[in-house]
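Trainee: Residue numbers (my numbering): 1 to 168. Dumping the structure here so I can ask a few things about it.
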């Protein structure tokens, strides 16, 4: 999800006018859109990014995405446009996950190691047949990794420990 939000930031905000001064882009600052309407509030500033909370989504944007306006930091899209872009990216990611999450699909763990294959799917419960035995996970415990592979949000070791009835 963060990757999708970063992609939005790169495309949607590429044409930002005069950059805001670093002090303008600070936690608690209100961010304004191109017509001067509020988009959201900055909730964190870290690692060259400032996360703006629109009230619906928290979107990380590079510091160079913020311009300087009369009222404070600005971006080149409205709140509705930013929320719409995030929702489109989330829908696309969900569609890719649903297409990949099928019986027999190979799964890698969060560390990239093979975690097993999908044995069955019933509602939101996904049974993963790991080398250590079956493990029931939720649909929300899966994602598509940067390489396009179906990935469990746990390491292969954590999945194996769960299959054995322990924790890791």
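Using N, Cα and C, we set each Cβ at its ideal position, and we do this for glycine too. In this text, all values refer to a predicted model and were calculated from it rather than measured experimentally.
With a threshold of 8 Å on Cβ separation, who are the neighbours of residue 109 within its own chain once the five nearest residues in sequence on each side are excluded?
Mentor: The residue given as residue 109 occupies position 109 in the chain shown. Excluding sequence neighbours, residue 109 sits near 115, 151, 152, 154, 155, 156, 157, 158 and 159.
Trainee: Between residue 121 and residue 76, what straight-line distance do the alpha-carbon atoms span, to the nearest angstrom?
Mentor: Position 121 of the chain shown, counted from the start, is the residue given in the question as residue 121. Position 76 of the chain shown, counted from the start, is the residue given in the question as residue 76. Spanning the two alpha carbons is a distance of roughly 42 Å.
Trainee: Leaving out the 5 sequence neighbours to the left and right, which residues in its chain are closer than 8 Å to residue 169 when beta-carbon positions are compared?
Mentor: Not covered by the structure: residue 169. The range shown for the chain is 1 to 168.
Trainee: Measuring straight from C-alpha to C-alpha, what distance separates residue 57 and residue 41?
Mentor: Along the chain shown, read from residue 1 onward, the residue named residue 57 stands at position 57. Along the chain shown, read from residue 1 onward, the residue named residue 41 stands at position 41. Cα-Cα distance, rounded: 11 Å.
Trainee: Which value, in whole angstroms, describes the spacing of the CA atoms of residue 52 and residue 28?
Mentor: Counting from 1 along the chain shown, the entry for residue 52 is found at position 52. Counting from 1 along the chain shown, the entry for residue 28 is found at position 28. Roughly 9 Å separates the two Cα atoms.
Trainee: Taking only three categories from DSSP, how would you classify residue 92?
Mentor: Mapped onto the chain shown, residue 92 falls at position 92. If DSSP states are grouped into helix, strand and coil, residue 92 belongs with the helices.
Trainee: Measuring straight from C-alpha to C-alpha, what distance separates residue 46 and residue 74?
Mentor: In the chain shown, counting from the first residue as 1, residue 46 sits at position 46. In the chain shown, counting from the first residue as 1, residue 74 sits at position 74. So the two alpha carbons sit approximately 18 Å from each other.
Trainee: Between the Cα of residue 113 and the Cα atoms of 103, 26, 131 and 104, which residue gives the shortest distance?
Mentor: Sequence index remark: in the chain shown, residue 113 carries index 113 (1-based). Residue 113 has its Cα closest to that of 131, out of 103, 26, 131 and 104.
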